[in-house]
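Undergrad: This is the structure I want to talk about, given as structure tokens.
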Amino acid sequence: MKLKVVLLSLSLLLVASSTVAQAQSPSSRIIGYSVTEGDTLQTSFTYLTTEIDEARETWLWCESVLDPDCLDKFLIVRAFLLPCGVEATLACIKDVYAIATNGKKITAKFVRSVAANPSMDLKEDLSRRLVAGVGTGGLWNFEGLSHGGGTTTYAVQAGVDGRGFVPAPSGSRPATAGYARVEFGIAAVREVSGDYQPNKFEFKPGTTNFQIRGADSIGSNGRPDYKCVMTETGLCFERTTFPSGYRFGMTVSLPNELSGWFHGRIYRPEISITRSGPRYDYNIEATPVKVPYIREQVPSSQWGKELVDFVDAKFSCNSLGDCGSTGGGFMMPGNSGAFAFDLTKLFLPVVKDKSSGTGEYWSVRTLDFWNEGSSADTIQSCSSNSTAVSGIVTTNSMIYSAGPPTYNADSSSLDYKVLSPHVNEKGEDNIGSYDLLLDSKVARCIYKFSDAPVKAEIEILGSDGTSKVATTVIGEKNGFLFMSANGFTYSEPTVRIKLKQDPVPVVTPTPTPTPSPTASATPTPTPSPVATRAAATSKVTLSSKKTTITCSKSGKIKKVTAVKPKCPSGFKKV
């Protein structure tokens, strides 16, 4: 029997830990708020599917690349990569390491894959550009580098998403699979036993539909799965703390070049991209970062009216009587987006602007979609001109804009909003960090700069517009401008970056002296004017002329407006 897959995409979840009771007065409602690091590495796994009903978001799980029902179909691939070797050459993990403060490098060794599933794992097929993928990632050993869990075992994950056509043996279609979305993560983990299950497609009772197991289910020991980086039958690999004083890095080989933006949970990142034969090697190195989270349940009688009205309107709660329960539930708005900002600002006073705890992370991923209303598309237009990585933006803020900063035309600045509780679970200030790596060509395009050196200024503005104290670092390396700010406090600051360039000096030619002839003198020769070559104009410039194209995929129509518009991954120009 062929199995159907239902993939659910929810921007807002209201998860109750017990059955919703009959309508009661708002004072008896117990509704929680939960924002933990929304790392999709925790909720995913290796699979191969093809869409069979777009309207119902129904997908067919392909048993293999040679599944007769999937040949000549548009496929969706999610694969967790293996170390480079005989089984994996098209896309693979080339290196995983740590760097001590004295520069010593510790190279990790692969131990095993986690949650391997022979019925869903993927074997490499070079002729069809299908990468090898197994389970949900792997365990690696950093010899001599123990973490907060007391071992030297770390979870390492490199997930890639691919889209395209896999041809039938007759070759009626070319192999066009491309891998545009990637997600890399390293985590210090300790092994915990319990009633845990791996991420997988699960039957809904009485149907042949599947859905992905969520990351917020509860394990038998009362340990919520959000603390598990990976799970297997009976095992949770629970997140713990990294050793201090080390930077971590990984190199991943991919069959195609990536473009666009990265964002994530790392501090002071460095990136290098190297062409290695037919592959592209992406190396990212950074320090892990501590991110606050909130997971609290508070009786709605303690909420302010503005929060009650906001939740009631968003969830159609009938004055909260139809939401939550005496047993409790959680609103989970995610870590980014307008709704996450709006709800969190209203909920922070309820928890006294205090986080429930702090997790330590090392993760980075490609940006899925542009923020709505982003700076009149100025940054998007300049990024679209680039065929390489445009930039990386990272922060330890609980809520953040999961995309590039917004170009503020009024102040000629790049603005970025963040939001976090002011204090941690111990009552101490949560200390903020923000990093931006920006391709120097993209920066020059935004500001219409020449190839001359660029200067940068970073300012942290409080919600009242006043400047906050922060330590900043600015420079340029590997073709990227890097700007870092840390040491500032929350709750809702704006990071403002201004780029400047000294004007090209105007050179005045040396005037020709007037000869003064005498009876015996020879006229003074006219000297040649002395001039300095002005800096060459940058090859990447921002044009004011934009065009619009129409893109289509499986009946969906999107219009893209930019200087050089491109269709999103999976879409074709019509």
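Numbered according to numbering that gives the first Met the number 0, the sequence shown spans residues 0 to 573.
Quick reminder that beta carbons are idealized off the backbone N, C-alpha and C, glycines included.
1) Given a threshold of 16 other Cβ atoms within 10 Å of its Cβ, counted over all protein chains shown, does LYS304 qualify as buried or as exposed?
2) Considering only the alpha carbon of each residue, which of PHE79, GLY84, VAL113, VAL130 lies closest to VAL64?
3) By the three-class DSSP mapping on this structure, what secondary structure does THR365 have?
4) What would DSSP say about ALA99, mapped onto helix, strand or coil?
5) Tell me which residue opens and which closes the beta strand (DSSP E) that SER355 is part of.
6) Would GLY474 be called buried (16 or more neighbouring beta carbons within 10 Å of its own) or exposed?
7) Just confirm the distance between the C-beta atoms of ASN255 and TYR178, as a whole number of angstroms; I'd bet it's less than 8 Å.
8) Within 10 angstroms of its Cβ, does THR517 collect 16 or more other Cβ (buried), or is it exposed?
9) Using the Cβ count rule (16 or more neighbours within 10 Å means buried), how would you classify VAL468?
10) Determine the closest residue to GLN301 out of ASN334, VAL349, GLY478, with distance taken between C-alpha atoms.
11) Could you tell me which of GLY426, ILE105, ASN485, SER449 sits nearest to GLN500, measuring between CA atoms?
12) Tell me the rounded alpha-carbon separation between VAL310 and THR343.
13) Whose C-beta lies closer than 7 Å to the C-beta of VAL188 among residues of the same chain, with five residues either side of it excluded?
14) How is ARG180 classed by DSSP in three states: helix, strand or coil?
15) Have a look at the DSSP bridge pairing and note the partners of PRO291.
16) Whose C-alpha, out of ARG111, VAL441, LEU257, ALA285, is nearest the C-alpha of GLY184?
17) When the distance is taken between beta carbons, is GLU427 closer than 8 Å to LYS353?
18) When the distance is taken between beta carbons, is ASN395 closer than 8 Å to THR246?
19) Between the Cα of HIS421 and those of ILE398, TYR415, ASP438, spot the shortest distance and give me the residue it belongs to.
20) How is TYR225 classed by DSSP in three states: helix, strand or coil?
21) Tell whether a beta-carbon distance below 8 Å holds between SER382 and GLY259.
22) Just the C-alpha distance for ASP120 and THR42, rounded to the nearest angstrom, thanks.
23) Cα-Cα, which of LEU144, PRO197, VAL95 is closest to PHE613?
24) Select from GLU491, PRO452, SER299 the residue whose C-alpha is nearest the C-alpha of ASP414.
25) Would a C-beta distance cut-off of 8 Å place PHE141 and ALA97 closer than the cut-off?
26) Please return the same chain residues whose Cβ sits closer than 7 Å to the Cβ of ALA214, not counting the five positions on each side in sequence.
27) Return the chain-ordered list of same chain residues with a C-beta closer than 7 Å to the C-beta of PRO291, the five sequence neighbours on each side being excluded.
28) Under three-state DSSP, which class holds GLN594?
29) DSSP three-state call for LEU460: helix, strand or coil?
30) Please state whether DSSP places PRO564 in a helix, a strand or coil.
31) Exposed or buried, what is THR470 when buried is set at 16 or more other beta-carbons lying within 10 Å of its beta-carbon?
32) With GLU123 and GLY158 assumed to form a contact (beta carbons below 8 Å), what rounded beta-carbon distance in angstroms separates them?
33) Taking just the CA atoms, how far does ARG274 sit from ALA337?
34) CA-CA distance, ILE272 and THR393?
35) If contacts are defined as beta-carbon pairs under 8 Å, then GLY132 and ARG111 qualify, I think. What distance do you get, rounded to the angstrom?
36) In terms of alpha-carbon separation, which member of TYR195, ALA99, ILE270, GLY328 lies closest to ALA114?
TA: This is what the structure gives:
1) If you number the sequence shown from 1, residue 304 lands on position 305. Result: exposed.
2) In the sequence shown, the residue the question calls residue 64 occupies position 65. The residue with the shortest Cα to Cα distance from VAL64 is VAL130.
3) Here residue 365 refers to the residue found at position 366 of the sequence shown. Residue state, collapsed to three classes: strand.
4) Taking the sequence shown and counting its residues from 1, the one referred to as residue 99 is at position 100. Residue state, collapsed to three classes: strand.
5) As a first step, residue 355 is located in the sequence shown; it is residue number 356 there, counting from the start. Where SER355 is concerned, there is no enclosing beta strand (DSSP E), given that its DSSP letter is neither H nor E.
6) For this step, residue 474 is matched to residue 475 along the sequence shown. GLY474 comes out exposed.
7) Numbered from its first residue, the sequence shown carries residue 255 at position 256. Numbered from its first residue, the sequence shown carries residue 178 at position 179. Contact holds; Cβ gap of about 6 Å.
8) By 1-based counting over the sequence shown, the position of residue 517 is 518. Summary for THR517: the model assigns pLDDT 49, below 50, so the residue's position carries little reliability; its value from the coordinates is reported in the next sentence. It counts as exposed.
9) To locate residue 468, count along the sequence shown from 1; it is residue 469. Flag for VAL468 reads exposed.
10) Here residue 301 is taken as the residue at index 302 of the sequence shown, counted from 1. When each option's Cα is compared against that of GLN301, the closest is VAL349.
11) Taking the sequence shown and counting its residues from 1, the one referred to as residue 500 is at position 501. For GLN500, the nearest C-alpha among the options comes from SER449.
12) Here residue 310 is taken as the residue at index 311 of the sequence shown, counted from 1. Here residue 343 is taken as the residue at index 344 of the sequence shown, counted from 1. Taking the CA atoms as reference points, VAL310 sits about 11 Å from THR343.
13) Counting from one through the sequence shown, the residue named residue 188 turns up at place 189. Excluding positions up to five away in sequence, the list reads GLY148, THR152, TYR153, ALA154, VAL228, PHE236, GLU237, ARG238, THR239.
14) Within the sequence shown, numbered from 1, the residue matching residue 180 stands at position 181. Under the three-state reduction of DSSP, ARG180 is assigned to strand.
15) As a first step, residue 291 is located in the sequence shown; it is residue number 292 there, counting from the start. According to DSSP, PRO291 bridges with THR357.
16) Looking up residue 184 in the sequence shown gives position 185. It is ALA285.
17) Your numbering for residue 353 matches position 354 in the sequence shown. Your numbering for residue 427 matches position 428 in the sequence shown. Taking C-beta atoms as the reference points, LYS353 and GLU427 fail to come closer than 8 Å.
18) The residue you call residue 246 lines up with position 247 of the sequence shown. The residue you call residue 395 lines up with position 396 of the sequence shown. It should be pointed out that residue 246 corresponds to Arg in this sequence rather than to Thr. The answer is no: Cβ separation not under 8 Å.
19) Here residue 421 refers to the residue found at position 422 of the sequence shown. Closest by alpha carbon: ILE398.
20) Here residue 225 refers to the residue found at position 226 when the sequence shown is read from its first residue. If DSSP states are grouped into helix, strand and coil, TYR225 belongs with the helices.
21) Taking the first residue of the sequence shown as position 1, residue 382 is located at position 383. Taking the first residue of the sequence shown as position 1, residue 259 is located at position 260. Yes; because the gap between Cβ atoms is below 8 Å, this pair is in contact.
22) The sequence position of residue 120 within the sequence shown is 121, counting from 1. The sequence position of residue 42 within the sequence shown is 43, counting from 1. When rounded, the distance between both Cα atoms is 16 Å.
23) As shown, the chain starts at 0 and ends at 573. That puts residue 613 outside it, with no answer to give.
24) For the purposes of this step, residue 414 is identified with residue 415 of the sequence shown, where counting begins at 1. Looking at the Cα atoms, GLU491 is the closest of the given residues.
25) In the sequence shown, the residue the question calls residue 141 occupies position 142. In the sequence shown, the residue the question calls residue 97 occupies position 98. It is a contact, given that the beta carbons lie within the stated cut-off.
26) On the sequence shown, position 215 is the one that residue 214 refers to. Low confidence applies here, because ALA214 scores a pLDDT of 31, under 50, leaving its location unreliable and the question unanswered by this model.
27) In the sequence shown, the residue the question calls residue 291 occupies position 292. Cβ within range, chain order: SER354, THR357, MET397, SER419, PRO420, ASN423, ASN429.
28) As shown, the chain starts at 0 and ends at 573. That puts residue 594 outside it, with no answer to give.
29) Here residue 460 is taken as the residue at index 461 of the sequence shown, counted from 1. In this structure, DSSP gives LEU460 an extended state, which the three-state scheme calls strand.
30) As a working note, residue 564 is residue 565 in the sequence shown. Reduced to three states, the DSSP call for PRO564 is coil.
31) Within the sequence shown, the letter at position 471 stands for residue 470. By the neighbour-count rule (16 or more Cβ atoms within 10 Å), THR470 is not buried but exposed.
32) Walking along the sequence shown from the start, residue 123 turns up at place 124. Walking along the sequence shown from the start, residue 158 turns up at place 159. At roughly 16 Å, the Cβ-Cβ gap does not stay under 8 Å, so GLU123 and GLY158 are not in contact.
33) For the purposes of this step, residue 337 is identified with residue 338 of the sequence shown, where counting begins at 1. For the purposes of this step, residue 274 is identified with residue 275 of the sequence shown, where counting begins at 1. Looking at the two C-alpha atoms, the distance is approximately 38 Å.
34) Indexing the sequence shown from 1 puts residue 272 at position 273. Indexing the sequence shown from 1 puts residue 393 at position 394. The straight-line gap from Cα to Cα measures roughly 19 Å.
35) By one-based count along the sequence shown, residue 132 stands at place 133. By one-based count along the sequence shown, residue 111 stands at place 112. 15 Å between Cβ atoms; not a contact.
36) Taking the sequence shown and counting its residues from 1, the one referred to as residue 114 is at position 115. With distances taken between Cα atoms, ALA114 lies closest to TYR195.
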